[in-house]
Amino acid sequence: MELSMTAIHPTMRRVCALGVLAALPIVLLAGCGGGGGGGGSSDPAPAVTSISPTTGTALGGTIITINGAFFGSSSSGLGVKFGTSSAASITYVSSTTIKATSPPGAGTVDITVSTSSGTSPVSAADKYVYSTDGPPPPPL
Numbered sequence: 001m002e003l004s005m006t007a008i009h010p011t012m013r014r015v016c017a018l019g020v021l022a023a024l025p026i027v028l029l030a031g032c033g034g035g036g037g038g039g040g041s042s043d044p045a046p047a048v049t050s051i052s053p054t055t056g057t058a059l060g061g062t063i064i065t066i067n068g069a070f071f072g073s074s075s076s077g078l079g080v081k082f083g084t085s086s087a088a089s090i091t092y093v094s095s096t097t098i099k100a101t102s103p104p105g106a107g108t109v110d111i112t113v114s115t116s117s118g119t120s121p122v123s124a125a126d127k128y129v130y131s132t133d134g135p136p137p138p139p140l
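As structure tokens, this is what we get:
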């Protein structure tokens, strides 16, 4: 019999057909993937909770601080995308902070972070706006 649970309990109590209460041990297999093949990562996918600044030049080159969770323990396997374009550079600061340099772009895009555990879900907190405003014209 296969049992799947999200809560972790040392025992599970069940009333049997004859009305007898039985305590069944629960075995937790950490790191098992779905689909019956084993493997997979037990770490949660990254999440972006804020970015700063939220706007930058369409030419790229703006350094963005990305705050969140589950960014890993090093820059190994770390990826940052501005929409569909990869960041020009990435600096790992901590498991909750990354600095990324924006590539050239246009419009509003989602900044997503990828690790071996997955990609951050799109949220209102990861919106980045490419500004088409250039420097002010020189005085006449």
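Be aware that the sequence shown starts at 1, since it is given in the UniProt record's numbering, and climbs by one per residue.
The C-beta atom is built at its ideal place from N, Cα and C for all residues, glycine as well.
Considering just the uninterrupted stretch of the beta strand (DSSP E) at residue i, what are its terminal residues?
i    : result
V122 : Run containing V122: none; DSSP gives neither H nor E here.
D110 : 107-115
S52  : 47-52
T91  : 89-94
A100 : 97-101
S131 : 127-131
G56  : 55-57
G77  : Here G77 belongs to no beta strand (DSSP E), and DSSP marks it neither H nor E.
Name the residue from the options whose alpha carbon lies nearest to the alpha carbon of residue i.
i   : options                : result
A47 : S131, A124, P139       : A124
T57 : S117, P121, P139, G107 : G107
L78 : S131, V109, I98, D133  : I98
If the criterion is Cβ atoms closer than 8 Å, does the pair residue i and residue j meet it?
i    : j   : result
I111 : V80 : yes
F71  : S86 : no
S102 : I66 : no
Based on DSSP bridge pairs, tell me the residues matched to residue i.
i    : result
A69  : A47
G118 : T115
Does any residue of chain C have a CB that is nearer than 8 Å to the CB of residue i?
i   : result
P44 : No chain C appears in the structure shown, which is made up of a single protein chain.
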